[in-house]
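This report concerns only the one structure given below.
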DNA sequence: CCTCCTTGTGGAATCGATTACATGGAATTG
DNA sequence: CAATTCCATGTAATCGATTCCACAAGGAGG
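Printed below as a string of structure tokens:
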């Protein structure tokens, strides 16, 4: 693989001149520039990004650590992050934490070792030593979707969506359809989104004069299996709920599984709704009512904030709004009854 | 961020000694080693991977270029590749080509610029100049799932799954359930998997005395929308098929959509099956019969082959077998009739 | 006691780029 | 026409590691 000195030799100039041509520095005579460009083309030369990074102390690379690649919400997020970054000539390295704090730390560590310019994290868990270290070391850092608190982390912008409005709309929808005993499959209490969604749900219910009974809060871990388990517990209750809200898409799928395994139908046996909309919800039976996050906007905003930080500009937290997508899993949509 | 010379200063030794400790070279006195290690811990020093890569000419990084991150098959593949690589102390940088040759080339180029040690590709399209260049430059390279032909590419190992057996089983299953007019939603002819699946399907049908009519071959592009379009065309035929086989999961979803939009039911109105099994197929109505690839094994085998190449050992192509997962979308499973 | 080998360590070259500074020639100006 | 400025280019330092080579000290063997 040719290096800059090979190009220099072939063009009959010094490496400095080649470098100047490559970074289009103004003071290079046109004919020299052309000679260099010709040599570059002849040799198929491509600058070594490793060497360049060492010298300039920037990699034009962003790290993205997500909690679960297999969750369509996160792969959509990753995709939009990559799109946004590419437009600004940055690359993205994705690390999948698989909801495991140790893996999350592993990825943050290797990303830091690679001297990425900035870090985008959707943290799995509260206590991450490497992330604190990264923040303290002054690495530009932005949280997406979830965030954690900690010393030195209060300056980190958070790009997230506020589900309160949509959750309120969902509760209104459930009420309108006559559901009264509603339950929630919550996410891990260690995650902000886990806690928030329960809170929002509880207060929305209160507004409608309903109560969220302790028995009707199930602890899940954002994975399908936990949705199944929690739903089983709900359905075994002497007074089972008539509507279940899952705090993420995977747990909703698990819930659906369990409901169907018991020969119940959605929504007649029990209504179901989920946080995080995904393409597959259209195709399930029945299509699932869900709260959709503006994933694309989230990714773009996160990249913009991070690059602002990277390039020395201040960045601010952004909160977008989720919206309710009504389908048939809670009962017939309003307009469609005779 | 501390560099090796800071550690050296603090430990009162030269950088050479620090480097030796870090790479545990044997000839370092125990007490020196401890002094250095203490300095490393005190400063929270981490070696700069960029500098190390420049010097050693290896990045311990693999590139993975896939055709569509939003397709669960590929995200599962990416996940297993990352798992396998991590076990061998390699990182993975994923590039999403989005089924676009230009994006694929972009990713191959930036990965090469970063001097990754090896390249894993599931190519989108036949004519990729950068991939040919990479192969010619001697970059270790392995194809997964799909592959392309070309000068210099015949030495590239291919890690794939052979669907013939499973497709034969699927055809047998369809026949047993009384389907006779079967159709296929094919993938792009430019991809090997696109062509292969049609061929295998056609010859399996022939074995059972059935013919694959020209009208019953629809051209898709591995995206949901194309599945919908092709299915619409099938159902508008004077003699519409009574079973549809989609060459990938996304197109199957599109097909399901169209079928349902017309008020038809699966499998009574028309049977449906897909290549590539995904978790969601369990949850659709009805659950979809699919051909499952051993994705985890595929990823592991691909990484193993690539690292063999990287470390100078020879590597061979591997072909695994897919298997049929019978669910209810083609009719009641055999044993369940009274 | 001298030579030879081993062991532990430091000095300096090196990887491939970028960039401050030096330099020589042409152009501009008084 | 001499002095000054500017333009195009080259020389060399630098980034942070690894590693070859040199060298000093200490032990073994004759």
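Protein chains in written order, with the working numbering: chain A, 1 to 338; chain B, 339 to 676.
Note that CB positions come from ideal geometry on N, CA and C, so glycine has one too.
Reference residue i; option with closest CA among the options
{"i": "residue 321 (chain A)", "options": "A:293, A:308, A:306", "result": "A:293"}
{"i": "residue 205 (chain A)", "options": "A:169, A:187, A:193, A:16", "result": "A:169"}
{"i": "residue 614 (chain B)", "options": "B:387, B:409, B:623, B:355", "result": "B:409"}
{"i": "residue 182 (chain A)", "options": "A:235, A:154, A:139, A:134", "result": "A:235"}
{"i": "residue 210 (chain A)", "options": "A:195, A:101, A:196, A:241", "result": "A:241"}
{"i": "residue 433 (chain B)", "options": "B:364, B:359, B:445", "result": "B:445"}
{"i": "residue 657 (chain B)", "options": "B:349, B:482, B:596, B:616", "result": "B:482"}
{"i": "residue 347 (chain B)", "options": "B:368, B:374, B:437", "result": "B:374"}
{"i": "residue 328 (chain B)", "options": "B:650, B:452, B:633", "result": "Chain B is shown only over 339 to 676; residue 328 (chain B) falls outside these bounds and no answer can be derived."}
{"i": "residue 391 (chain B)", "options": "B:581, B:653, B:428, B:365", "result": "B:428"}
{"i": "residue 239 (chain A)", "options": "A:109, A:180, A:196", "result": "A:180"}
{"i": "residue 123 (chain A)", "options": "A:212, A:101, A:32, A:109", "result": "A:101"}
{"i": "residue 371 (chain B)", "options": "B:623, B:352, B:389", "result": "B:352"}
{"i": "residue 99 (chain A)", "options": "A:109, A:125, A:114, A:74", "result": "A:125"}
{"i": "residue 545 (chain B)", "options": "B:515, B:509, B:524, B:411", "result": "B:509"}
{"i": "residue 311 (chain A)", "options": "A:57, A:30, A:19, A:6", "result": "A:57"}
{"i": "residue 176 (chain A)", "options": "A:197, A:243, A:233", "result": "A:243"}
{"i": "residue 393 (chain B)", "options": "B:368, B:357, B:416, B:407", "result": "B:357"}
{"i": "residue 103 (chain A)", "options": "A:73, A:133, A:68, A:232", "result": "A:68"}
Own chain, CB closer than 8 Å to residue i, minus 5 neighbours either side, in chain order
{"i": "residue 625 (chain B)", "result": "619, 665, 666, 667"}
{"i": "residue 200 (chain A)", "result": "163, 164, 167, 168"}
{"i": "residue 197 (chain A)", "result": "163, 167, 184, 186, 187, 247, 275"}
CB-CB length for residue i against residue j, believed under 8 Å
{"i": "residue 403 (chain B)", "j": "residue 423 (chain B)", "result": "About 14 Å; that fails the 8 Å criterion."}
{"i": "residue 128 (chain A)", "j": "residue 105 (chain A)", "result": "6 Å"}
{"i": "residue 119 (chain A)", "j": "residue 141 (chain A)", "result": "5 Å"}
{"i": "residue 217 (chain A)", "j": "residue 184 (chain A)", "result": "6 Å"}
{"i": "residue 274 (chain A)", "j": "residue 290 (chain A)", "result": "5 Å"}
{"i": "residue 524 (chain B)", "j": "residue 532 (chain B)", "result": "6 Å"}
{"i": "residue 113 (chain A)", "j": "residue 385 (chain B)", "result": "7 Å"}
{"i": "residue 139 (chain A)", "j": "residue 621 (chain B)", "result": "With 8 Å as the limit, residue 139 (chain A) and residue 621 (chain B) do not qualify as a contact, their Cβ atoms being about 40 Å apart."}
{"i": "residue 50 (chain A)", "j": "residue 388 (chain B)", "result": "6 Å"}
Close-in-space but distant-in-sequence residues of the same chain around residue i (CB under 7 Å, 5 per side omitted)
{"i": "residue 454 (chain B)", "result": "397, 399, 400, 401, 431"}
{"i": "residue 203 (chain A)", "result": "none"}
{"i": "residue 575 (chain B)", "result": "553"}
{"i": "residue 16 (chain A)", "result": "none"}
{"i": "residue 264 (chain A)", "result": "270"}
{"i": "residue 420 (chain B)", "result": "430"}
{"i": "residue 673 (chain B)", "result": "Annotation note: pLDDT 48 at residue 673 (chain B) (below 50); position unreliable, no value reported."}
{"i": "residue 368 (chain A)", "result": "Because chain A here runs from 1 to 338, residue 368 (chain A) falls outside it and cannot be looked at."}
{"i": "residue 635 (chain B)", "result": "658"}
{"i": "residue 493 (chain B)", "result": "none"}
6 Å Cβ shell around residue i - same chain, five flanking residues per side excluded
{"i": "residue 661 (chain B)", "result": "504, 630"}
{"i": "residue 76 (chain A)", "result": "295"}
{"i": "residue 653 (chain B)", "result": "495, 643, 646, 647"}
{"i": "residue 153 (chain A)", "result": "135"}
{"i": "residue 131 (chain A)", "result": "108"}
{"i": "residue 605 (chain B)", "result": "667, 668, 669"}
{"i": "residue 676 (chain B)", "result": "In this prediction, residue 676 (chain B) scores a pLDDT of 37, lower than 50, which makes its location untrustworthy; no coordinate-derived value is stated."}
{"i": "residue 349 (chain B)", "result": "373, 374, 377"}
{"i": "residue 212 (chain A)", "result": "202, 205"}
{"i": "residue 663 (chain B)", "result": "615, 628, 630"}
{"i": "residue 74 (chain A)", "result": "66, 68"}
How about the segment 546 to 560 of chain B and the segment 572 to 592 of chain B: do they share at least three Cβ pairs that are nearer than 8 Å?
Put simply, the segment 546 to 560 of chain B touches the segment 572 to 592 of chain B. At least three CB pairs are less than 8 Å apart.
Does the segment 365 to 384 of chain B touch the segment 339 to 357 of chain B, meaning 3 or more C-beta pairs lie closer than 8 Å?
Result yes; three or more Cβ-Cβ pairs closer than 8 Å.
Would the segment 419 to 433 of chain B and the segment 502 to 515 of chain B be scored as touching if the rule is three or more Cβ pairs under 8 Å?
Not touching, per the Cβ criterion.
Between the segment 636 to 647 of chain B and the segment 493 to 500 of chain B, do at least 3 Cβ pairs fall closer than 8 Å?
Counting C-beta pairs with one atom in each stretch, the segment 636 to 647 of chain B and the segment 493 to 500 of chain B have three or more that are closer than 8 Å, which means they touch.
Which residue spans inside the segment 205 to 286 of chain A form an unbroken alpha helix (DSSP H) run of at least 4?
You should have 224 to 236, 249 to 261.
In chain order, which continuous runs of the alpha helix (DSSP H) of length 4 or greater are located wholly inside the segment 454 to 482 of chain B?
Within the segment 454 to 482 of chain B, the complete alpha helix (DSSP H) runs of at least 4 residues are 467 to 474.
Does the structure place the segment 566 to 574 of chain B close enough to the segment 589 to 601 of chain B that three or more beta carbon pairs sit under 8 Å?
Under the three-pair Cβ rule at 8 Å, the segment 589 to 601 of chain B counts as touching the segment 566 to 574 of chain B.
Which whole runs of the beta strand (DSSP E) in the segment 388 to 448 of chain B are 3 residues long or more, in chain order?
Taking 3 residues as the minimum length, the beta strand (DSSP E) runs contained wholly in the segment 388 to 448 of chain B are 399 to 404, 429 to 434, in order along the chain.
In chain order, what are the residue ranges of uninterrupted beta strand (DSSP E) at least 3 long that sit wholly in the segment 492 to 537 of chain B?
If we require 3 residues or more, the beta strand (DSSP E) runs fully inside the segment 492 to 537 of chain B come out as 496 to 500, 520 to 524.
Contact between the segment 136 to 154 of chain A and the segment 178 to 196 of chain A: three or more CB pairs below 8 Å?
The segment 136 to 154 of chain A vs the segment 178 to 196 of chain A: in contact.
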